[in-house]
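FYI, in the working numbering the residues of the sequence shown are 3 to 310.
Every residue gets a Cβ at the ideal spot worked out from N, C-alpha and C, and that includes glycine.
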Amino acid sequence: MSIPNFTLYGDPANPRCELLHVEDIQSRSRGHDWEIQPHIHQSLFQIVWVARGSARIALDEVDHQAASPFAVSIPPGTVHGFRFAPETQGWVLTFSSQRLLDGNLEGTGPAFQALFATPTILEPGGDDPAVARLTALFTELDSSFLSPGLGDAPVLHWLTQGILWHLAQAAQRQQARLTPNPQPQALFTRFALLVEAHHREHWPVARYATLLGMSSPRLNRLTRERCGLGALDMIHQRLTREACRLLLYTSQPVARVAAELGFDDPAYFCRFIKRRTGLSPSSYRQSRGTPHEKNPRPPEASGAAGTI
3 MSIPNFTLYG DPANPRCELL HVEDIQSRSR GHDWEIQPHI HQSLFQIVWV
53 ARGSARIALD EVDHQAASPF AVSIPPGTVH GFRFAPETQG WVLTFSSQRL
103 LDGNLEGTGP AFQALFATPT ILEPGGDDPA VARLTALFTE LDSSFLSPGL
153 GDAPVLHWLT QGILWHLAQA AQRQQARLTP NPQPQALFTR FALLVEAHHR
203 EHWPVARYAT LLGMSSPRLN RLTRERCGLG ALDMIHQRLT REACRLLLYT
253 SQPVARVAAE LGFDDPAYFC RFIKRRTGLS PSSYRQSRGT PHEKNPRPPE
303 ASGAAGTI
């Protein structure tokens, strides 16, 4: 069994698809009893903006409850699913990066990188000026997308870029509340992006540090200050998250999972996972149940929202 891979939920995946698509949450979710089963988009990015309502969200191996207003940024390959409260209102924006960013990397590129470094739930708060602007932009994008004859009109790209920019600004304000010193945070973000890109290659910490223009001890101090983990622990945490994703949502043999994650020796991979989770890969898979049992649960009547 493999993780369901769609272009849009329920539609067959097209790896060469260059797409910009927006739809309201109700149009697809109501027909599925407000539940979107865990799946991936292999080469597409997605933003879910909930203006009113709540949802139980599955992002990789983590389940989370969130209440409006909130956004979810979903990089390619991230396992995600939703159990929306009935009549939740908002939009789902799905796009490929190439056409959206062509010719505008200076303006949109940094916002794009900030939003999609990791799967993230962004909660700007009802008093954040971005909330009304994002709802207005999504409303206009949805209307323009459905207008006959617009097709691939530039206005669709401009509105999408505006959404990314406002979400990135809201993310920066949220981050500033948590980390008042921006320079170390910028270095930490760059390290996190490098780990996201290269964790399967098993780079040593020194290689990351060199690319960031710092020593390994300084990089370790930075990561411990920002998240309480050493640099190597962060790399191993990312590898473990990817391994858990594959163990939970696919039926690949353990040896194949190990090879996919860059482990030459399956036995070493088994020891690595047991050290990180307390269980062997096979035991971890059995303890968490089969993939179809990992669907998001219905949202509770109330619950505090958070950030992943």
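Nearest-angstrom Cα separation, counted from residue j out to residue i
{"i": "L189", "j": "R247", "result": "27 Å"}
{"i": "A257", "j": "G92", "result": "41 Å"}
{"i": "C229", "j": "P150", "result": "49 Å"}
{"i": "S56", "j": "A208", "result": "43 Å"}
{"i": "N2", "j": "P78", "result": "Residue coverage of the chain in this structure runs from 3 to 310, which leaves residue 2 outside it and unanswerable."}
{"i": "S284", "j": "R58", "result": "27 Å"}
{"i": "D266", "j": "A113", "result": "36 Å"}
{"i": "R223", "j": "Q185", "result": "14 Å"}
{"i": "Q176", "j": "R243", "result": "24 Å"}
{"i": "Q115", "j": "W167", "result": "11 Å"}
{"i": "L213", "j": "P131", "result": "36 Å"}
{"i": "L231", "j": "S253", "result": "31 Å"}
{"i": "E142", "j": "E89", "result": "20 Å"}
{"i": "Y251", "j": "R30", "result": "23 Å"}
{"i": "S217", "j": "I76", "result": "32 Å"}
{"i": "A119", "j": "E198", "result": "7 Å"}
{"i": "R277", "j": "L22", "result": "42 Å"}
{"i": "S289", "j": "P255", "result": "16 Å"}
{"i": "F97", "j": "R192", "result": "24 Å"}
{"i": "L61", "j": "L195", "result": "18 Å"}
{"i": "F271", "j": "Q28", "result": "42 Å"}
{"i": "Q171", "j": "L117", "result": "10 Å"}
Reduced DSSP secondary structure (H/G/I, E/B, other) of residue i
{"i": "R263", "result": "It is Leu, not Arg, that sits at residue 263 in the sequence shown. Correct three-state label for L263: coil."}
{"i": "D35", "result": "coil"}
{"i": "D13", "result": "coil"}
{"i": "L248", "result": "helix"}
{"i": "D130", "result": "coil"}
{"i": "H200", "result": "helix"}
{"i": "L315", "result": "The requested residue 315 does not occur in the structure, where the chain is confined to residues 3 to 310."}
{"i": "L214", "result": "coil"}
{"i": "L158", "result": "helix"}
{"i": "L231", "result": "coil"}
{"i": "L221", "result": "helix"}
{"i": "L22", "result": "strand"}
Residue i: CB within 6 Å of a non-hydrogen atom of the ligand GTP
{"i": "F193", "result": "For the ligand GTP, the structure offers nothing, since it holds no ligand at all."}
Residue i, buried or exposed, once every other Cβ within 10 Å from all chains shown has been counted against 16
{"i": "G280", "result": "exposed"}
{"i": "R202", "result": "exposed"}
{"i": "L169", "result": "buried"}
{"i": "R287", "result": "buried"}
{"i": "Y210", "result": "buried"}
{"i": "A269", "result": "exposed"}
{"i": "G164", "result": "buried"}
{"i": "D13", "result": "exposed"}
{"i": "V259", "result": "buried"}
{"i": "V157", "result": "exposed"}
{"i": "L241", "result": "buried"}
{"i": "L139", "result": "buried"}
{"i": "D35", "result": "exposed"}
{"i": "V133", "result": "buried"}
Restricting to runs no shorter than 4 residues, where is the alpha helix (DSSP H) found entirely within the segment 40-128? 99-103, 107-118
Cβ contact (3+ pairs, closer than 8 Å) linking the segment 37-53 and the segment 62-71: yes
So does the segment 70-84 actually touch the segment 31-42, counting three or more Cβ pairs closer than 8 Å? yes
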